[in-house]
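Once you know that position 25 of the sequence shown is 25 in UniProt numbering, the rest is easy, because the numbers rise by one and skip nothing. Even for Gly, the Cβ is constructed at its ideal location relative to N, Cα and C. The structure appears right after this line, and notes come after that.
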Amino acid sequence: YMLCPQPGQPLTISCKVSYSVSSYYTNWIRQPAGKALEWIGYISNGGSTGYKESLKNKFSITRDTSSNTLFLKGQNLQTEDTAVYYCARDAQ
1 YMLCPQPGQP LTISCKVSYS VSSYYTNWIR QPAGKALEWI GYISNGGSTG
51 YKESLKNKFS ITRDTSSNTL FLKGQNLQTE DTAVYYCARD AQ
């Protein structure tokens with residue numbers, strides 16, 4: 001999902017998956033143009049979350065188990081947060 005935020009505005013990205021979110025950890029990752037991938041955080045199969053220290057006040061990860069959908073909510077986004085955002089399931 002290519003995200004081009006308006007500075008200071010909140011935004012939520014959804015990611016509907018084909019697996020049970022109650023069975024796997026799911027990560028959110030982003031890649032700005034011409035730069036390396038950056039891990040944002042995860043939500044566990046049990047619903048607990050963890051974040052990259054420098055991004056924990058900017059992003060929050062939630063899920064809807066009934067629809068197997070993940071959500072990444074960003075707040076106070078800036079132009080430097082423009083990137084392609086990915087959700088990615090852990091292998092196990």
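From residue i to residue j, what distance separates their C-alpha atoms?
i, j, result
"Ser23", "Ala33", "32 Å"
"Tyr86", "Ile29", "5 Å"
"Thr12", "Ser44", "19 Å"
"Thr62", "Ala91", "20 Å"
"Asp64", "Val21", "8 Å"
"Ser67", "Lys35", "33 Å"
So is residue i buried or exposed if we call it buried at 16+ other beta carbons inside 10 Å?
i, result
"Thr26", "buried"
"Tyr19", "exposed"
"Ala83", "buried"
"Thr70", "The sequence shown places Leu at residue 70, not Thr. Counting Cβ neighbours within 10 Å, Leu70 comes out buried, since at least 16 surround it."
"Leu37", "exposed"
Since residue i sits in a beta bridge, which residues does DSSP pair it with?
i, result
"Tyr85", "Arg30"
"Thr49", "Ile43"
Taking residue i and residue j to be in contact with their CB atoms under 8 Å, please state how far apart those CB atoms are, rounded to whole angstroms.
i, j, result
"Gln75", "Lys58", "6 Å"
"Trp39", "Lys52", "6 Å"
"Thr79", "Pro7", "6 Å"
Report yes if the C-beta distance between residue i and residue j is below 9 Å; otherwise report no.
i, j, result
"Gly41", "Gly47", "no"
"Leu72", "Cys15", "yes"
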